[in-house]
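Colleague: Take a look at the following structure, please.
In full-length UniProt numbering, the protein residues as written are 1 to 542.
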């Protein structure tokens, strides 16, 4: 590779420190890139794509992996050729009455700050909202605590501007029949793209819609079922969950919601996993905006990391100490394998919210032997949300030098009706393998993030981790669930894609990738391929 030939206004870095930093994300993998590109503008991105495309035949290893903040848990943000860091592509372009447009590298937290000043919100933020970029949220079809009510990022994508394999930027949005026909008459790469994608979804309509996931969230595969409904045609939706494998998203126009003025929390201390599996329907009937859960391991870590959490809430050490007293004492006296469920209710009228919480508390305590705390202050609300959002970070810190918080069964989802069968069986499998772990997630969506702590440098522990994953995934498949609700496929889900989708759909995903990216320059090895041998070869050793 002679990256000096690439003429851009931004930077191209090849020093050892930079390459080492970009060889990892939040996954269990490590791949050393050849160069890191920090474009100054979209024109730089176009020039990079054109150079790679022109030189791909001479050097088949050339590729481009898009990267936001590096919080991807599947290996989606690492690669062996060019890493394209979007941190300088970060402008807020404009805010409308119910929509906003911004560049892909803009941090969600900055986007949210600007939106809230206009009483608007993009509700599909994740637990890493302080770090996430908008492009990363699109790439993983992100979801989070509010997805129970509002859905995933795909629901809010109005338009996507992306640089495709020919090095040109295109705008994708919903088209009517006449607009679609106009696109298909074009003699350019864009016209060919529309013709081939139209033919693919039309010829395979029954297969595609039969394969559509029935669980409430999905980030696996390409959402081909969202492209065409015989009246409207929309390729923008394909970039949701695409992890930069179809093209490089530069700008996004989102539709937005208006958040409620008030919220209240019901914090429920649940004694065991059986009770947890049976409790969700009693809470969901009251229509919470979110229903989250974390286990006793996570709660005890909140007490351990009190100073760090306290700084994020504010109020000084003594105020934080008082605020976190339940977690401090709970870490000493509360039973292992117990849980904390946090239900948030939002509305325009505080009195109505208080009535809802009162009725929930009364009914729940009639059925379950549990403790309920009804939160009234903003600090209390923020504390419980913060514990949930910081769960993976706390577990990673707790793991220490020799162990890794291993994201391999990190995104399980089943149907809500299957919870009483799923959770006890999941706990039994976890106990069988004897690895210390944490469990947190979105109870309302039956979406759980299970994080075992593993010494990745120990062959026996790595082998145990893979066997654990295989057995857990078999349980999920048996219950018609999904192994990727909101984190994407990346590398880690590769060996299980055929089990997830079947051969016919996997072939359609491969054809979609080929239509958009005929030279396979965008984030190769992710989403549609993968082997156990690859996972073992590129797993980080500590």
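Virtual Cβ for every residue (Gly too), placed ideally from N, Cα, C.
Would you call residue 445 buried or exposed, if buried means 16 or more other Cβ atoms sit within 10 Å of its Cβ?
Modeller: Translated into positions along the chain shown, residue 445 becomes position 445. The residue in question, residue 445, is buried, as its Cβ has 16 or more Cβ neighbours within 10 Å.
Colleague: Report the residue from 203, 448, 184 and 344 whose alpha carbon sits nearest the alpha carbon of residue 385.
Modeller: Against the chain shown, residue 385 aligns to sequence position 385. The shortest Cα separation from residue 385 among 203, 448, 184 and 344 belongs to 344.
Colleague: Spatial neighbours of residue 290 within its chain, please: C-beta separation below 6 Å, excluding the five flanking residues on both sides.
Modeller: On the chain shown, position 290 is the one that residue 290 refers to. Only 145, 146, 148 and 344 meet the Cβ criterion.
Colleague: In the structure shown, what three-state DSSP assignment does residue 256 receive?
Modeller: Within the chain shown, the letter at position 256 stands for residue 256. Looking at residue 256 - three-state DSSP - the assignment turns out to be coil, as it is neither helix nor strand.
Colleague: One question on the structure: do residue 402 and residue 455 come within less than 8 Å of each other, judged by their Cβ atoms?
Modeller: Counting from one through the chain shown, the residue named residue 402 turns up at place 402. Counting from one through the chain shown, the residue named residue 455 turns up at place 455. It is a contact, given that the beta carbons lie within the stated cut-off.
Colleague: What did DSSP end up calling residue 98 once you bin it into helix, strand or coil?
Modeller: Indexing the chain shown from 1 puts residue 98 at position 98. Coil at residue 98, not helix or strand.
Colleague: For residue 355, count the other beta carbons within 10 Å of its own beta carbon; 16 or more makes it buried, fewer makes it exposed. Which is it?
Modeller: Position 355 of the chain shown, counted from the first residue, corresponds to residue 355. By the 10 Å Cβ count, residue 355 comes out exposed.
Colleague: If we ignore side chains and look at the alpha-carbon of each, how far apart do residue 152 and residue 108 end up?
Modeller: Start at 1 with the first residue of the chain shown, and residue 152 comes out as number 152. Start at 1 with the first residue of the chain shown, and residue 108 comes out as number 108. C-alpha separation (whole angstroms): 15 Å.
Colleague: Starting from residue 487, trace the alpha helix (DSSP H) both ways and give me its first and last residue.
Modeller: Looking up residue 487 in the chain shown gives position 487. It is not in any alpha helix (DSSP H) - residue 487 carries neither H nor E in the DSSP assignment.
Colleague: Which runs of the beta strand (DSSP E) fall wholly inside the region 331–389 and span at least 3 residues, in chain order?
Modeller: 339–347 and 371–375
Colleague: Pick out whichever of 482, 263, 58 and 276 has its Cα sitting closest to the Cα of residue 347.
Modeller: Walking along the chain shown from the start, residue 347 turns up at place 347. Among 482, 263, 58 and 276, the Cα nearest to that of residue 347 belongs to 263.
Colleague: Pair every Cβ in the region 210–225 with every Cβ in the region 8–23, then say whether three or more of these pairs are closer than 8 Å.
Modeller: Taking 8 Å as the limit for Cβ pairs, the verdict is that the region 8–23 does not touch the region 210–225.
Colleague: Specify the secondary structure class of residue 295 as computed by DSSP and reduced to three states.
Modeller: As a working note, residue 295 is residue 295 in the chain shown. The answer is strand: DSSP assigns residue 295 an E or B state.
Colleague: Which residue from 541, 534, 75 and 58 puts its Cα closest to that of residue 66?
Modeller: The count along the chain shown starts at 1 and reaches residue 66 at position 66. Residue 75 is the option with its Cα nearest to residue 66.
Colleague: Short of 8 Å in beta carbon distance, which residues of its chain neighbour residue 239, apart from the five on each side in sequence? Order them along the chain.
Modeller: As a first step, residue 239 is located in the chain shown; it is residue number 239 there, counting from the start. Answer for residue 239: 138, 139, 157, 160, 162, 172, 246, 247 and 249, listed in chain order.
Colleague: Mind checking which residues open and close the beta strand (DSSP E) that includes residue 170?
Modeller: The residue labelled residue 170 in the question sits at position 170 within the chain shown. Per DSSP, residue 170 belongs to the beta strand (DSSP E) from 169–175.
Colleague: Taking contact to mean 3 or more Cβ pairs, one atom from each stretch, closer than 8 Å, check whether the region 421–440 and the region 280–296 are in contact.
Modeller: yes
Colleague: What beta strand (DSSP E) runs, 3 residues minimum, are completely inside the region 213–263?
Modeller: 248–255
Colleague: For the beta strand (DSSP E) holding residue 66, just list the boundary residues, first then last.
Modeller: Residue mapping note: residue 66 aligns to position 66 of the chain shown, counting from 1. 64–67 is the extent of the beta strand (DSSP E) around residue 66.
Colleague: Please report how far the alpha carbon of residue 504 lies from the alpha carbon of residue 207, in whole angstroms.
Modeller: Locating residue 504 in the chain shown gives position 504, counting from the first residue. Locating residue 207 in the chain shown gives position 207, counting from the first residue. If I take the Cα positions, the gap works out to 8 Å.
Colleague: Between which residues of its own chain and residue 48 is the CB-CB distance below 8 Å, once the five residues before and five after are set aside?
Modeller: Here residue 48 is taken as the residue at index 48 of the chain shown, counted from 1. Same-chain partners within the cutoff: 6, 8, 37, 39, 64, 82 and 84.
Colleague: Where does residue 305 sit, in a helix, a strand or coil, going by DSSP?
Modeller: As a working mapping, residue 305 is identified with position 305 in the chain shown. Annotated three-state conformation of residue 305 is coil, per DSSP.
Colleague: Across which residues does DSSP place residue 160 in a beta bridge pair?
Modeller: Your numbering for residue 160 matches position 160 in the chain shown. 172 and 252.
Colleague: To which residues of the same chain is residue 174 closer than 6 Å at the C-beta, ignoring the five residues directly before and after it?
Modeller: As a position in the chain shown, residue 174 is number 174, starting the count at 1. Taken in chain order, the residues that qualify are 232 and 234.
Colleague: Report the residue ranges of all beta strand (DSSP E) runs contained in full by the region 385–420; include only those spanning at least 3 residues, in chain order.
Modeller: 409–413
Colleague: Rounding to the nearest angstrom, what Cα-Cα distance links residue 284 and residue 300 in this structure?
Modeller: To locate residue 284, count along the chain shown from 1; it is residue 284. To locate residue 300, count along the chain shown from 1; it is residue 300. Going by the C-alpha atoms only, they are around 27 Å apart.
Colleague: With C-beta atoms as the reference, is residue 105 less than 8 Å away from residue 89?
Modeller: To locate residue 105, count along the chain shown from 1; it is residue 105. To locate residue 89, count along the chain shown from 1; it is residue 89. Cβ distance < 8 Å, so residue 105 and residue 89 count as in contact.
Colleague: For residue 85, which residues does DSSP report across the bridge?
Modeller: For this step, residue 85 is matched to residue 85 along the chain shown. In DSSP, residue 85 forms a bridge with 67.
Colleague: Can the beta-carbon of residue 395 be found closer than 8 Å to that of residue 451?
Modeller: On the chain shown, position 395 is the one that residue 395 refers to. On the chain shown, position 451 is the one that residue 451 refers to. It is a contact, given that the beta carbons lie within the stated cut-off.
Colleague: Verify whether the separation of the beta carbon atoms of residue 540 and residue 28 is less than 8 Å.
Modeller: To locate residue 540, count along the chain shown from 1; it is residue 540. To locate residue 28, count along the chain shown from 1; it is residue 28. Contact flag set, yes.
Colleague: At the level of alpha carbons, what is the spacing between residue 168 and residue 33?
Modeller: One-based indexing of the chain shown puts residue 168 at position 168. One-based indexing of the chain shown puts residue 33 at position 33. Whole-angstrom Cα-Cα distance: 24 Å.
Colleague: Can you list, in chain order, the residues of its chain whose CB lies under 7 Å from that of residue 367, leaving out five sequence neighbours each side?
Modeller: Looking up residue 367 in the chain shown gives position 367. If we look at residue 367 and ignore the five residues flanking it on each side, its Cβ neighbours are 282.
Colleague: According to DSSP, what are the bridge partners of residue 438?
Modeller: As a first step, residue 438 is located in the chain shown; it is residue number 438 there, counting from the start. BP columns for residue 438 point to 451.
Colleague: Check this for me: beta carbons of residue 399 and residue 405, under 8 Å apart or not?
Modeller: Residue numbering aside, residue 399 sits at position 399 when the chain shown is read from its first letter. Residue numbering aside, residue 405 sits at position 405 when the chain shown is read from its first letter. Yes, these two residues count as a Cβ contact at 8 Å.
Colleague: If you follow the alpha helix (DSSP H) that residue 37 is in, where does it begin and where does it stop?
Modeller: Here residue 37 refers to the residue found at position 37 when the chain shown is read from its first residue. Premise fails: residue 37 lies in the beta strand (DSSP E), 35–38, not in any alpha helix (DSSP H).
Colleague: Between which residues of its own chain and residue 222 is the CB-CB distance below 6 Å, once the five residues before and five after are set aside?
Modeller: Position 222 of the chain shown, counted from the start, is the residue given in the question as residue 222. Answer for residue 222: 238, 509 and 512, listed in chain order.
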